[in-house]
Amino acid sequence: MGTLYFNGTIYTMMREGETVEAVFAEGKDIRDAGSLQDLSEKYGCHIKEKVDLKGAVMFPGFVDSHLHIIGHGEKLIRRNLSHFTSAEEMGSYLKKEAEKEKPGNWLLGDGWNENNFLDRKIFHCHELDELAPNHPMLLSRVCRHASLANSKALALAGITKETENPEGGIIVRDENGEPTGYLLDSASDLVKDVVPPATKEYLFTALTAAVKDLLSMGLTGGHTEDLGYYGGFDKTISVFQNVLNDRSLKFKAHLLVHHSVAGDYQTTSLHKSISPYLEFGAMKIFSDGAFGGRTALLSKPYNDAPDTSGVAIHSPQALKELVKQAREYQMPVAVHTIGDLSLEYTLDAIGAYPPVTKERDRIIHAGLVRPELIERMKQPSLIIDIQPSFVPSDFPWLIERLGMERVPYALAWKTLLSNGLHCAGGSDAPIETANPLEGIYAAVARKKPEETHEGYRPEEKLTPYEAVQLYTAGSAYAINKEEERGKIAPGFEADFTVLDRDILTSEPEDIRQARVVYTIINNSIEYRAAT
Numbered sequence: 001m002g003t004l005y006f007n008g009t010i011y012t013m014m015r016e017g018e019t020v021e022a023v024f025a026e027g028k029d030i031r032d033a034g035s036l037q038d039l040s041e042k043y044g045c046h047i048k049e050k051v052d053l054k055g056a057v058m059f060p061g062f063v064d065s066h067l068h069i070i071g072h073g074e075k076l077i078r079r080n081l082s083h084f085t086s087a088e089e090m091g092s093y094l095k096k097e098a099e100k101e102k103p104g105n106w107l108l109g110d111g112w113n114e115n116n117f118l119d120r121k122i123f124h125c126h127e128l129d130e131l132a133p134n135h136p137m138l139l140s141r142v143c144r145h146a147s148l149a150n151s152k153a154l155a156l157a158g159i160t161k162e163t164e165n166p167e168g169g170i171i172v173r174d175e176n177g178e179p180t181g182y183l184l185d186s187a188s189d190l191v192k193d194v195v196p197p198a199t200k201e202y203l204f205t206a207l208t209a210a211v212k213d214l215l216s217m218g219l220t221g222g223h224t225e226d227l228g229y230y231g232g233f234d235k236t237i238s239v240f241q242n243v244l245n246d247r248s249l250k251f252k253a254h255l256l257v258h259h260s261v262a263g264d265y266q267t268t269s270l271h272k273s274i275s276p277y278l279e280f281g282a283m284k285i286f287s288d289g290a291f292g293g294r295t296a297l298l299s300k301p302y303n304d305a306p307d308t309s310g311v312a313i314h315s316p317q318a319l320k321e322l323v324k325q326a327r328e329y330q331m332p333v334a335v336h337t338i339g340d341l342s343l344e345y346t347l348d349a350i351g352a353y354p355p356v357t358k359e360r361d362r363i364i365h366a367g368l369v370r371p372e373l374i375e376r377m378k379q380p381s382l383i384i385d386i387q388p389s390f391v392p393s394d395f396p397w398l399i400e401r402l403g404m405e406r407v408p409y410a411l412a413w414k415t416l417l418s419n420g421l422h423c424a425g426g427s428d429a430p431i432e433t434a435n436p437l438e439g440i441y442a443a444v445a446r447k448k449p450e451e452t453h454e455g456y457r458p459e460e461k462l463t464p465y466e467a468v469q470l471y472t473a474g475s476a477y478a479i480n481k482e483e484e485r486g487k488i489a490p491g492f493e494a495d496f497t498v499l500d501r502d503i504l505t506s507e508p509e510d511i512r513q514a515r516v517v518y519t520i521i522n523n524s525i526e527y528r529a530a531t
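Note that UniProt numbering has the sequence shown beginning at 1, numbered continuously upward.
Take a look at the structure:
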């Protein structure tokens with residue numbers, strides 16, 4: 001017995017503009033799609049439930065191809081610093097938060113971004129000491145490739161003038177060589193390692209909050225990377241198993257495995273597909289940092305900081321060794337690469353150790369490319385994992401970072417698609433909002449909602465169809481499920497995102513105004529808008 005969905009606009013995403021009148025789903029799969037009359041006559045005795053869409057618009061389920069689900073949950077339950085637009089405002093908030101905490105407790109926060117401040121101020125550890133004199137403090141930048149620590153936190157981590165930079169990280173220092181509290185990439189780990197570990201209860205709360213929030217945004221699944229940060233592989237995967245199952249929440253999580261815990265994954269008794277809602281994916285590797293903190297690895301120095309070209313998390317040889325290890329584990333790789341030199345190193349490593357399975361490698365971000373690197377990415381075993389919301393977040397200050405010569409190749413989504421590269425769409429939440437409608441809008445408009453210009457590099461705008469494809473067929477292709485997910489057709493999984501308006505024919509500004517009516521997973525309504 002199954003469910004008939006009808007009386008709405010139903011986009012199959014098989015071809016641009018293609019719609020059907022009705023869909024019949026049985027069990028977790030789509031049995032048929034076509035005219036309402038045909039399906040009613042053909043499956044009449046098998047129809048147990050009818051869902052009247054009442055004019056709403058149905059798409060294949062939207063899937064975020066790159067986020068950190070537990071991190072998104074932490075943003076919901078912890079101190080969120082992303083909305084502050086001045087250092088004074090942020091400082092005042094931190095001072096009040098410190099006064100609420102018991103002396104000695106850690107003061108943790110996420111999401112600050114100096115590019116949102118008029119003066120681009122980055123706090124010094126002594127300034128943080130004044131705000132929280134009785135607490136160790138660690139504040140993660142929005143990109144999560146930089147952190148701020150006060151003196152108590154530095155002392156607990158043993159960071160002094162004599163401490164050497166760790167591999168893949170920088171301890172920023174003043175003119176006397178003293179640490180300023182500004183820690184780039186792996187230098188942040190020196191402090192993170194002394195923060196009390198998260199409890200299972202905390203992780204359960206964060207993951208549950210995240211999944212409920214993602215369902216309300218119309219997301220039926222996400223490709224997430226969390227397993228290397230919260231006290232070990234076994235601890236974190238057990239939380240996922242407790243939250244995502246038939247007994248409680250349904251949400252399809254595809255789990256990337258950070259290289260630091262890939263050995264644990266290899267020795268686990270868990271199978272690649274744990275359940276209908278949990279499966280393991282590629283080995284995740286960080287090759288460089290981010291544009292915001294000038295840690296993305298560039299082939300030429302930063303335009304606004306000629307003394308640096310960024311940070312290589314791993315040397316070219318070490319990166320190759322990690323890819324080699326993934327191949328020995330029979331795993332594809334998913335490599336975070338934002339700068340063009342990082343991309344070059346990554347392609348070199350993949351070229352040295354090609355895939356050994358049919359699963360696809362992925363380049364995560366591809367923030368800055370060069371024409372010759374685009375040519376090297378044209379291979380069927382590779383997918384580019386892009387984050388459209390980076391455009392309104394990073395422009396216009398990205399022009400200062402890169403200079404006019406390189407900007408045409410920065411966040412150049414249309415260029416990638418026009419060159420035949422397969423792309424999937426994600427958010428990198430909690431760094432950006434996980435709302436796929438915001439990502440679709442960013443891909444189409446390439447500007448902040450309040451701005452009135454034609455978009456940052458408007459020639460790189462995507463059509464609404466191309467943008468929606470990123471979160472449907474693109475996300476499915478990234479994990480070799482293009483014949484199972486991402487389209488509405490017989491045999492595909494019955495995952496649907498239902499909106500109150502047609503974002504394929506709407507004006508760009510209307511895309512953000514769309515509201516989720518239903519989020520449906522395996523033919524089960526997991527989110528229903530309040531009436």
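Ideal placement from N, C-alpha and C gives every residue a C-beta, glycine not left out.
Can you look up residue 118 in the DSSP assignment and give me helix, strand or coil?
Taking the first residue of the sequence shown as 1, we reach residue 118 at position 118. Residue state, collapsed to three classes: coil.
Please state if the CB of residue 442 and the CB of residue 389 are separated by a distance shorter than 7 angstroms.
For this step, residue 389 is matched to residue 389 along the sequence shown. For this step, residue 442 is matched to residue 442 along the sequence shown. Yes; because the gap between Cβ atoms is below 7 angstroms, this pair is in contact.
Residue 415 in three-state terms, based on DSSP:
Counted from its first residue, the sequence shown places residue 415 at position 415. In the displayed model, residue 415 falls within a helix according to three-state DSSP.
Please give the ranges of any beta strand (DSSP E) in the region 65-117, keeping only runs that are unbroken, at least 3 residues long and fully inside the region.
The qualifying runs are 107-112.
Report the CB separation of residue 68 from residue 332 in whole angstroms; it is logged as a contact under 8 angstroms.
One-based indexing of the sequence shown puts residue 68 at position 68. One-based indexing of the sequence shown puts residue 332 at position 332. About 19 angstroms separates the two Cβ atoms, so there is no contact after all.
Grab the span of the beta strand (DSSP E) containing residue 52 for me, first residue to last.
Here residue 52 corresponds to residue number 52 of the sequence shown, with the count starting at 1. Where residue 52 is concerned, the enclosing beta strand (DSSP E) stretches over 47-52.
Residues near residue 310 by beta carbon distance below 7 angstroms, same chain, minus five either side:
By 1-based counting over the sequence shown, the position of residue 310 is 310. These residues qualify, in order along the chain: 288, 289, 294, 295, 296, 297, 298, 339.
Straight-line Cα distance separating residue 356 from residue 269
Residue numbering aside, residue 269 sits at position 269 when the sequence shown is read from its first letter. Residue numbering aside, residue 356 sits at position 356 when the sequence shown is read from its first letter. C-alpha of residue 269 to C-alpha of residue 356: approximately 22 angstroms in a straight line.
Under the assumption that residue 171 contacts residue 157 (Cβ atoms under 8 angstroms), give the Cβ distance between them as a whole number of angstroms.
Taking the sequence shown and counting its residues from 1, one reaches residue 171 at position 171. Taking the sequence shown and counting its residues from 1, one reaches residue 157 at position 157. In fact, because the Cβ distance is near 10 angstroms, the residues do not count as touching under 8 angstroms.
Following the continuous alpha helix (DSSP H) through residue 326, name the residue where it begins and the one where it ends.
Counted from its first residue, the sequence shown places residue 326 at position 326. Start and end: 316-328.
Would you please state the rounded distance, in angstroms, between the beta carbons of residue 422 and residue 477? I believe it to be under 8 angstroms.
As a working mapping, residue 422 is identified with position 422 in the sequence shown. As a working mapping, residue 477 is identified with position 477 in the sequence shown. The Cβ separation is near 5 angstroms, so the contact holds.
Determine the contact status of residue 360 and residue 381, defining contact as a CB-CB distance below 7 angstroms.
Here the question's residue 360 lines up with position 360 in the sequence shown. Here the question's residue 381 lines up with position 381 in the sequence shown. One thing to note: residue 360 has its Cβ within 7 angstroms of the Cβ of residue 381.
Is the region 162-169 close to the region 309-324, with three or more CB pairs under 8 angstroms?
As far as the Cβ criterion goes, the region 162-169 touches the region 309-324, which means the pair count is three or higher.
Pairwise C-alpha distance: residue 222 and residue 500
Here residue 500 is taken as the residue at index 500 of the sequence shown, counted from 1. Here residue 222 is taken as the residue at index 222 of the sequence shown, counted from 1. Near 22 angstroms, if we compare the C-alpha coordinates of residue 222 and residue 500.
Helix, strand or coil, according to DSSP, for residue 538 in the structure here?
Because the chain in this structure spans residues 1 to 531, residue 538 falls outside the shown range and cannot be described.
Closer than 7 angstroms by C-beta to residue 70: which residues in its own chain qualify, once you throw out the five before and the five after it? Chain order, please.
On the sequence shown, position 70 is the one that residue 70 refers to. Here the set comprises 203, 206, 207, 210, 226, 230.
8 angstroms contact criterion, which residue 184 and residue 145 should meet: CB distance rounded:
One-based indexing of the sequence shown puts residue 184 at position 184. One-based indexing of the sequence shown puts residue 145 at position 145. Rounded, the Cβ-Cβ distance is 7 angstroms, consistent with contact.
In chain order, what residues of the same chain lie with their CB nearer than 6 angstroms to the CB of residue 366, ignoring the 5 residues before and after it?
Mapped onto the sequence shown, residue 366 falls at position 366. Sequence-distant partners of residue 366 (beyond 5 residues in either direction) whose C-beta falls short of 6 angstroms from its own C-beta, in its chain, are 384.
How close, in whole Å, do the beta carbons of residue 281 and residue 479 come, if the pair is a contact with beta carbons under 8 angstroms?
In the sequence shown, counting from the first residue as 1, residue 281 sits at position 281. In the sequence shown, counting from the first residue as 1, residue 479 sits at position 479. Your pair residue 281 and residue 479 checks out as a contact, with CB atoms roughly 6 angstroms apart and the cut at 8 angstroms.
Beta-carbon gap between residue 471 and residue 62 smaller than 7 angstroms:
Position 471 of the sequence shown, counted from the first residue, corresponds to residue 471. Position 62 of the sequence shown, counted from the first residue, corresponds to residue 62. Contact: yes.
Assumed close pair residue 243, residue 284 - CB separation to whole angstroms, cut-off 8 angstroms
Position 243 of the sequence shown, counted from the start, is the residue given in the question as residue 243. Position 284 of the sequence shown, counted from the start, is the residue given in the question as residue 284. Not really, about 20 angstroms apart at Cβ, beyond 8 angstroms.
Can you tell me whether DSSP reads residue 15 as helix, strand or coil?
On the sequence shown, position 15 is the one that residue 15 refers to. Residue 15 carries a coil assignment under DSSP once its states are collapsed to helix, strand and coil.
Counting pairs of beta carbons, one from the region 47-64 and one from the region 81-90, are three or more of them closer than 8 angstroms?
Because the criterion of three Cβ pairs below 8 angstroms is not met, the region 47-64 and the region 81-90 do not touch.
Give every residue of the same chain whose Cβ lies closer than 8 angstroms to the Cβ of residue 448, excluding the five residues on either side of it in the sequence, and list them in chain order.
Within the sequence shown, the letter at position 448 stands for residue 448. Once the five neighbours on either side are set aside, the close Cβ partners of residue 448 are 392.
Using alpha carbons as the reference points, say which of 491, 342, 459, 370 lies closest to residue 32.
Here residue 32 is taken as the residue at index 32 of the sequence shown, counted from 1. Closest by alpha carbon: 491.
Going by DSSP in three states, residue 200 sits in which element: helix, strand or coil?
Walking along the sequence shown from the start, residue 200 turns up at place 200. Three-state result, residue 200: helix.
Three-state secondary structure (DSSP) at residue 21?
As a first step, residue 21 must be located in the sequence shown, where it is residue number 21. It is a strand residue.
Cutting at 8 angstroms between CB atoms, please list the residues of its own chain near residue 262, excluding the five before and the five after it.
Looking up residue 262 in the sequence shown gives position 262. 283, 325, 326, 329, 331, listed in sequence order.
From which residue to which residue does the alpha helix (DSSP H) around residue 40 run?
Walking along the sequence shown from the start, residue 40 turns up at place 40. Element bounds for residue 40: 36-43.
Can you tell me the Cα-Cα spacing of residue 99 and residue 128, whole angstroms?
The residue you call residue 99 lines up with position 99 of the sequence shown. The residue you call residue 128 lines up with position 128 of the sequence shown. Their backbone Cα atoms lie some 13 angstroms apart in a straight line.
Leaving aside the five residues before and after residue 534 along the sequence, list all residues of the same chain whose C-beta is less than 8 angstroms from its C-beta, in chain order.
A question about residue 534 goes unanswered here, because the residues of the chain that appear run from 1 up to 531.
Tell whether a beta-carbon distance below 7 angstroms holds between residue 302 and residue 395.
Within the sequence shown, numbered from 1, the residue matching residue 302 stands at position 302. Within the sequence shown, numbered from 1, the residue matching residue 395 stands at position 395. Contact flag unset, no.
Thinking residue 3 and residue 48 are a contact (beta carbons under 8 angstroms), I'd like their distance in whole angstroms, please.
Reading the sequence shown from its first residue, position 3 is the one you call residue 3. Reading the sequence shown from its first residue, position 48 is the one you call residue 48. That belief holds up - the Cβ atoms of residue 3 and residue 48 are roughly 7 angstroms apart, short of 8 angstroms.
Compute the Euclidean distance between the alpha carbons of residue 276 and residue 252, then round it to the nearest angstrom.
In the sequence shown, the residue the question calls residue 276 occupies position 276. In the sequence shown, the residue the question calls residue 252 occupies position 252. Cα-Cα distance, rounded: 7 angstroms.
Around the C-beta of residue 406, are 16 or more other C-beta atoms found within 10 angstroms, so that it is buried, or is it exposed?
The residue given as residue 406 occupies position 406 in the sequence shown. By the C-beta density criterion, residue 406 is buried, having at least 16 other C-beta atoms within 10 angstroms.
Inter-residue spacing [alpha-carbon to alpha-carbon] between residue 507 and residue 445:
Numbered from its first residue, the sequence shown carries residue 507 at position 507. Numbered from its first residue, the sequence shown carries residue 445 at position 445. Distance between the alpha carbons of residue 507 and residue 445: 10 angstroms.
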